[in-house]
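Asker: According to UniProt numbering, the sequence shown is numbered sequentially starting from 1. Questions regarding the structure given below will be posed in turn.
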Amino acid sequence: MAKEKAKKATVNAPKTGGSSYRAEDITVLEGLEAVRRRPGMYIGTTGTSGLHHLIWEVFDNSRDEAMGGFANDIEVALLPGNRVRVADNGRGIPVDTH
1 MAKEKAKKAT VNAPKTGGSS YRAEDITVLE GLEAVRRRPG MYIGTTGTSG LHHLIWEVFD
61 NSRDEAMGGF ANDIEVALLP GNRVRVADNG RGIPVDTH
């Protein structure tokens with residue numbers, strides 16, 4: 001089966017006060033554009049707790065690798081400039097479209 005790009009459809013509010021809903025009101029967002037436009041839908045918030053959630057998800061991937069026997073070293077580093085690095089010696093996170 002051929003891989004397809006993920007598409008996300010969003011609905012624009014009607015420009016008039018009516019309740020009409022037409023195909024022209026739908027915008028299809030390609031790839032990560034939906035996440036960029038509405039990050040709160042995917043991480044809950046764009047504030048501090050959203051950042052915490054993202055870091056936890058990456059750490060959780062590392063932990064899963066270790067629990068599965070694919071890694072034995074996990075490093076979490078707090079870096080200058082309010083940055084965080086999570087690294088392990090596991091198989092990595094796939095970056096291709098899946």
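By construction, the Cβ of each residue, glycine as well, lies at the ideal position given by its N, Cα and C atoms.
Could you compute how far the alpha carbon of GLY47 sits from the alpha carbon of ASP88?
Answerer: Using only the alpha carbons, I get a separation of about 26 Å.
Asker: Taking HIS52 as the reference, which of ALA66, ARG83, LEU29, ILE93 has the closest Cα?
Answerer: Measuring from the Cα of HIS52, the nearest candidate turns out to be ARG83.
Asker: Please list the segments of the beta strand (DSSP E) lying wholly inside the region 30 to 94, counting only runs of 3 or more residues, in order along the chain.
Answerer: Listed in chain order, they are 74 to 79, 83 to 88.
Asker: Given a threshold of 16 other Cβ atoms within 10 Å of its Cβ, counted over all protein chains shown, does GLU57 qualify as buried or as exposed?
Answerer: Exposed.
Asker: Give every residue of the same chain whose Cβ lies closer than 6 Å to the Cβ of PHE70, excluding the five residues on either side of it in the sequence, and list them in chain order.
Answerer: Hits under 6 Å: GLY90, ARG91.
Asker: Beta-carbon within less than 6 Å of ALA77's beta-carbon, same chain only, minus the 5 sequence neighbours each way: which residues are those?
Answerer: Counting only Cβ-Cβ distances below 6 Å, and skipping sequence neighbours, we find ARG85.
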